[in-house]
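Encoded as structure tokens, the structure appears first; notes follow it.
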Amino acid sequence: MFGRKLSSILGQEPADAGHGARELPVLPLRNLVVFPNMMAPLAIGRPASIQAVDGAAIGDRLIAGIPQKDADNDDPRPDDLYDVGIVLKIVKMMKPPNGGMNLLVQGQRRVKILRYASTEPFLVAQTEPIVTVPGADAVEIEGRAQALKNIFKRVAELNNLLPAEAAGLALAVEDPEALVYVVASALNLSLDENVELLREAVLVKLFDRLQFFAQRELQRLEISSKIQSEIQREVGDQQREHFLREQLKAIHRELGEKDERQSEVEELRKRIDEANLPEEPRTVVEKELKRLSQMPAGMAEGSVIRSYVEWILDLPWTKRTEDQLDVAHAREILDADHYDLEKVKQRILETLAVRKLKPDARGPILCFVGPPGTGKTSLGKSIARALGRQFVRISLGGVRDEAEIRGHRRTYVGALPGRIIQGLKRAGSHNPVFMLDEVDKLGNDFRGDPSSALLEVLDPEQNNSFSDHYLEIPFDLSEVMWITTANVLQNVPAPLQDRMEVLELAGYTSEEKAEIAHRYLVPRELAANGLMPDQLTITDEAIRKVLSDYTREAGLRNLERAIAGLCRYVARERAEGRTDARIVTAADVEKILGARRFFAEVAERAGIPGVATGLAWTPAGGDILFIESAQMPGSKGLTITGQVGDVMKESAQAALTVVRSRTAALGIADDFFTKVDLHVHVPAGAIPKDGPSAGVAMVTSIVSLLTGKPVNPQTAMTGEITLRGKVLPVGGIKEKVLAARRAGIRRVVMPRLNAADLNEVPPNAREGLEFVLVDRIEEALDAVFREPGGAAAPGPEADQAKDRSRGRTRQRSQPAAARGR
Ligand SMILES: Nc1ncnc2c1ncn2[C@@H]1O[C@H](COP(=O)(O)OP(=O)(O)OP(=O)(O)O)[C@@H](O)[C@H]1O
Ligand SMILES: [Mg+2]
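Residue numbers (this note's numbering): 23 to 843.
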């Protein structure tokens, strides 16, 4: 027999009140106790049990249900059964087709087994009812019953295995004994505990035990419900999100809308189909899109994938512009944008011609080197225009991190491609003119060396598969035309220099600037300020005044700014009602631009004994610099000031020695130094200065001071000096010559060993300048006190000489346009 308690329900019929001992067939129960009044379904399989039931069915359908001690025993003998049990009434009996028997039974009364009457073919026992005695007065019993009900109510609330009405049923029971059976059936008790309850005849004791069991059950339920709610809280958040998302989807579906992610994926899919991507990016993008489509909307990683896919879609993998290879047309454009710069223009036109003959020829990597404002950037733009290509420019100034060139890996938060790839996206074609500005200001530190990444970019062997960390797919850069710019070639990493063709833009002379102003800057600024060409004329002297009094630079920036200032002023006048054609003269310039910023320092400062004009090289393109000496009573002191570096200080020491060792030849008292202290000063103290190239100027300054002869104000000098009086070569001749020119110098004294460098100076910049090449300091001293182009100027006549030379300068700088270039 397979007895299994599925549920206990309160029976409708009242318990059989029959008393007295009687003989009953025995049905051994496995793991099951049925209490009086309780109904229970039973499934029976054992032949002996079936026969016992059959036996009972013949009579009054009563059978003794006796729990067996070991549930696994298939043929229990009397000893294997407990000695207490319950009389069961067979309410229903069914024989299913597959054998065995299903019963519905109702508990009647508790019985004790006195002895077994027979054991074959089934057990029959002599039983005696267990009669319940109160054990206490009615009030006490009533109290106990109420207490049990209270506990049980809470058990029923917490135990969701119990049917919802169980508590209600129990509370409605009025008979205390019946209450005991209801509660006992509902509690989860062990077989031993159930048997113990069956056996107990005293009602108060039954309440005691049940009180205990119910309390225990309550505790168990409370603990488990606490654990339950903790787990739920943890799982809750995730599930809640998931749940809400599902709901949202359902809402979208209901409204006939697509969910956010789905429409995102569809939109990208459409773009991919239209993008005409090459094989490799296409497969990558498809894969990412698949990942994206499986991701719930609103997940942060989704937007990372999305922006990656968009980057790939936005890049010009196959888009290119057709080159415009008409040399004459290109020439026109280059000339229209820039004055002169012949060498660079020639180089571009050559490239173009070669490309026409051999379309797959590799273009050069050009590097424009020159001071600020000399047209490097704008020339790049113009080249792009001439070739019909897109133009992009990135500045490498201060780039220290390789990742800025090559991008961050996608695992980085907020990762992006490097500047090269960003530039190409902006260009929108994969063959733009790509300008890498300021390669000389590239940084280099622990974050990696950006120049090594640039090497790869510029290497024609490698750049057809440039790898950006973010993209992870190689990109072909081989059709890009690279142009780099630098102010100072020395600061460009050597391996980079090696890959590039250097073209120098050294800076412009005043005549060239005036020319550029008339032909390019003025028309451009007029247009930029909304003026018609006939509404404003800036006279030649006006430009010249701007050049001499408001700018001092190798390039054109300040000139451009000043002209823009003039144009704005006139535009305002027109806006205020002026209608005539305006002519801006030199006098207007001062009124419009304010007080002059620069003075003809040469004229003002030089011409006094003790002042010499040196020439300095600076990254901004060269400048003039004054060396002043003064003496005072004292003995053998030498002070050098003006924020000069160590090399320049030593240079001053050496200059003094050179002078002291030549006192006789120079006509200076040979003991002069025992009576004086010397002070050598290099003004413009805020600018650090260093280098040996002021040696000649220092000697000159000291000699001028000690002899009382002023240095010719239109003479400038450069050159290092040895103690033996030899003049050594120096760097930056071209820039120095241009600076001299700008400052109105007429004669340059320089080392003979630098003679070859003069070839690099544009002929028009050399024009009007006298070069004195010297080997020894004596030759230099001979030249610096002379009037340019004339005989030595004796001291007293210096003022006169100054005036004369200034006048001549003015004459020489008559309109450059007149030269008919
Ligand atoms: N030869 C020229 N003809 C006409 N305009 C010129 C010429 N050279 C320079 N310019 C103009 O001068 C201005 C400054 O030039 P640009 O900005 O190209 O200087 P840059 O050499 O790039 O300077 P930086 O080194 O400071 O970047 C531009 O407006 C440019 O058009
Ligand atoms: Mg520039």
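Glycine included, C-beta positions come from ideal geometry on N, C-alpha and C.
Note that this is a predicted model, so its numbers are computed, not measured.
Looking only at its chain, what residues have a beta carbon closer than 6 angstroms to the beta carbon of residue i, apart from the 5 residues adjacent to it on each side?
i    : result
M503 : G385, V455
Q128 : G33, M61, K111, V113
T531 : R763, A787
S726 : P631, G632, V733
T737 : R769, V806
V106 : K134, L220, R221
Over the uninterrupted beta strand (DSSP E) stretch that includes residue i, give me the two end residues.
i    : result
A62  : 60-66
P655 : 645-655
P89  : 84-89
Just to check my reading of the structure: residue i and residue j have Cβ atoms closer than 8 angstroms, yes? What is that Cβ distance to the nearest angstrom?
i    : j    : result
T396 : D459 : Wrong, their Cβ atoms sit about 13 angstroms apart, outside the cutoff.
E672 : G747 : So it is not a contact: roughly 16 angstroms between Cβ atoms.
S715 : E742 : 6 angstroms
L388 : R369 : 7 angstroms
I724 : V681 : 5 angstroms
A719 : A778 : 22 angstroms between Cβ atoms; not a contact.
G664 : P705 : 6 angstroms
A608 : T640 : The pair is not a contact, with the Cβ atoms about 29 angstroms apart (cut-off 8 angstroms).
Quick check on residue i: does DSSP put it in helix, strand or coil?
i    : result
N734 : coil
F57  : coil
M522 : coil
M720 : helix
S140 : strand
V669 : helix
S489 : coil
S417 : strand
G402 : helix
E45  : strand
T149 : strand
R411 : coil
R600 : coil
F793 : strand
Q459 : It is Asp, not Gln, that sits at residue 459 in the sequence shown. D459: strand per DSSP, three-state reduction.
K114 : strand
G122 : coil
T343 : coil
E534 : helix
A508 : strand
State buried or exposed for residue i, treating a residue as buried only when at least 16 other CB atoms are found within 10 Å of its CB.
i    : result
S657 : exposed
G717 : buried
M654 : exposed
K378 : exposed
E819 : For E819, the predicted model reports a pLDDT of 35, less than 50, meaning its position is unreliable; a value from the coordinates is still stated below. That one is exposed.
E354 : exposed
E537 : buried
Q237 : exposed
P482 : exposed
L277 : exposed
R275 : exposed
Suppose the cutoff is 8 angstroms on Cβ atoms and the five residues either side in sequence are ignored; what does the same chain contact list for residue i look like?
i    : result
R774 : V749, L795, V796, D797
D668 : D712
R262 : none
Q148 : A43, R44, E45, I135, L136, R137, Y138, A139
E426 : G440, R441, P472
Starting from residue i, trace the alpha helix (DSSP H) in both directions and tell me its first and last residue.
i    : result
I427 : 424-428
W333 : 322-336
T561 : No alpha helix (DSSP H) contains T561, which DSSP labels as neither H nor E.
G77  : 69-80
P472 : 472-480
F913 : The requested residue 913 is not part of the displayed model; the chain covers only 23 to 843.
K365 : 364-379
F390 : Premise fails: F390 lies in the beta strand (DSSP E), 388-391, not in any alpha helix (DSSP H).
Here's a check: name, in chain order, each residue in its chain whose Cβ is nearer than 7 angstroms to the Cβ of residue i, leaving out the five neighbours to either side.
i    : result
E187 : none
R590 : N551
E547 : I585, A586, C589
V287 : L311, L314, S315
A158 : V226
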